[in-house]
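Heads up: the structure comes next, in structure tokens.
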Amino acid sequence: MSFIKYSLNFLLLATLCKAFPEEVQKCHFGDEKCLVDSMNYVIKHYRKGIPEIGVKPIDVVDIADLNLVGHAITSTWININLTNQINYGFENTTITSVQGFNKDPTATHLNISGHIPVLIHKGFFKAVGQIYLVKANLSGISLSEFQNLKFTLKLKSIIEFRNNKRYLKIYELTPIVKISRWVIWMEDLFTENSDMTIIVNRIFNDNWLEIWNEWEPTILNSFSGVFLGLIKDVFDKVSYDDLFLPDSEDKLT
Ligand SMILES: *[C@@H]1O[C@H](CO)[C@@H](O)[C@H](O)[C@H]1NC(C)=O
Ligand SMILES: *[C@@H]1O[C@H](CO)[C@@H](O)[C@H](O)[C@H]1NC(C)=O
Ligand SMILES: *[C@@H]1O[C@H](CO)[C@@H](O)[C@H](O)[C@H]1NC(C)=O
Ligand SMILES: *[C@@H]1O[C@H](CO)[C@@H](O)[C@H](O)[C@H]1NC(C)=O
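Right, dumping it as structure tokens:
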């Protein structure tokens, strides 16, 4: 029995080792410069992900449905439900800094910071609202561009043991996001009145900062789901130690 178990484990291990792409540089624990380079290499060369080790596609990223309620602009309130949402642009992410991925990752804060030149968001919206004196039921496709997006992801994690290996389980991810502009275009807001569509879109774009400030917590919540989805599985599929070069101290023991 135990022989079969061991062989199975060995096979699994061999598969995993094979799955980890050779050209991706493994790093020493805590070598932040090396980790930044490796992550950027994976982002650049594996837009479609590396399913074997849990790296999801990053060129097209789905988001869970979202409900936004707002009254940031005077005389205006709106309740929007967004569905069938996708993001483009994660593939152009540059990781700028990584902190805390030491031999004991639970001893320090884990942060990953990066920059996305343009994040494009597309979704179907259904909204009820009052814009100045006009009450309306609106629906259509919205297209957003978040320009110059800078993020820091703060991760909280614990170590889990499986087959005597350490796995990093990320249980919380808090994103801090800064953008320099949000450009939004809602198509067919008023099907019979394209002037009105243009006016309302202009109101949104002129007041993007107020709207962003009001919706930021909800949007960040949604982002955290996206980011979590992108990285959690890697740590779930590959043991923490197998993501790094062997520690020289380990070899002696
Ligand atoms: C990503 O970068 C490439 C190359 O600069 C560019 O052509 C593409 O439009 C960018 N993708 C998005 C979604 O902005
Ligand atoms: C990383 O996280 C710690 C703790 O939250 C924080 O003090 C530090 O400023 C963060 N680093 C970056 C680059 O944001
Ligand atoms: C959005 O969804 C919520 C919850 O499902 C619902 O209460 C609300 O009426 C919906 N709003 C619109 C505009 O459809
Ligand atoms: C919006 O739709 C609801 C339910 O379908 C309806 O009761 C309401 O009168 C509509 N409002 C406008 C301004 O069209």
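Here the sequence shown stands for residues -19 to -1, 1 to 234, where the numbers follow mature numbering (1 follows the signal peptide of the UniProt record, and there is no 0).
Ideal Cβ positions, reconstructed from N, Cα and C, are used throughout, including at glycine.
Quick one: is the Cβ of residue 116 within less than 8 Å of any heavy atom of ligand 3?
Position 135 of the sequence shown, counted from the first residue, corresponds to residue 116. For ligand 3, not one heavy atom lies less than 8 Å from the Cβ of residue 116.
Work out the CA separation of residue 175 and residue 215 for me, nearest whole Å.
Here residue 215 is taken as the residue at index 234 of the sequence shown, counted from 1. Here residue 175 is taken as the residue at index 194 of the sequence shown, counted from 1. Near 47 Å, if we compare the C-alpha coordinates of residue 175 and residue 215.
Does the region 68 to 86 touch the region 115 to 122, meaning 3 or more C-beta pairs lie closer than 8 Å?
No: the two stretches stay apart, fewer than three of their Cβ pairs being nearer than 8 Å.
Is residue 84 a contact residue of ligand 5, with contact defined as CB to any heavy atom under 8 Å?
In the structure on display, ligand 5 does not appear, and the ligands it does have are ligand 1, ligand 2, ligand 3 and ligand 4.
Could you have a look at residue 79 and say whether DSSP puts it in helix, strand or coil?
Taking the first residue of the sequence shown as 1, we reach residue 79 at position 98. Correct three-state label for residue 79: strand.
Nearest-angstrom Cα distance between residue 225 and residue 168?
Position 244 of the sequence shown, counted from the start, is the residue given in the question as residue 225. Position 187 of the sequence shown, counted from the start, is the residue given in the question as residue 168. Cα to Cα, residue 225 sits roughly 47 Å from residue 168.
Compute the Euclidean distance between the alpha carbons of residue 186 and residue 4, then round it to the nearest angstrom.
As a working note, residue 186 is residue 205 in the sequence shown. As a working note, residue 4 is residue 23 in the sequence shown. Rounded to whole angstroms, residue 186 to residue 4 spans 44 Å at the Cα level.
Among 59, 69, 110 and 141, which residue has its Cα nearest to the Cα of residue 98?
Taking the sequence shown and counting its residues from 1, one reaches residue 98 at position 117. Checking every option, the nearest Cα to that of residue 98 belongs to 69.
To test your reading of the DSSP string, which unbroken beta strand (DSSP E) runs of 3 or more residues are found completely within the region 127 to 190?
Fully enclosed beta strand (DSSP E) runs of 3 or longer: 146 to 159 and 162 to 167.
Do residue 106 and residue 162 count as a contact pair if the criterion is CB distance below 9 Å?
The residue given as residue 162 occupies position 181 in the sequence shown. The residue given as residue 106 occupies position 125 in the sequence shown. No, they are not a contact pair.
Just to check my reading of the structure: residue 64 and residue 110 have Cβ atoms closer than 8 Å, yes? What is that Cβ distance to the nearest angstrom?
One-based indexing of the sequence shown puts residue 64 at position 83. One-based indexing of the sequence shown puts residue 110 at position 129. Rounded, the Cβ-Cβ distance is 17 Å, inconsistent with contact.
Is any non-hydrogen atom of ligand 1 found closer than 8 Å to the C-beta of residue 51, if you look at the structure I gave you?
Looking up residue 51 in the sequence shown gives position 70. Answer for residue 51: no, Cβ out of range of ligand 1.
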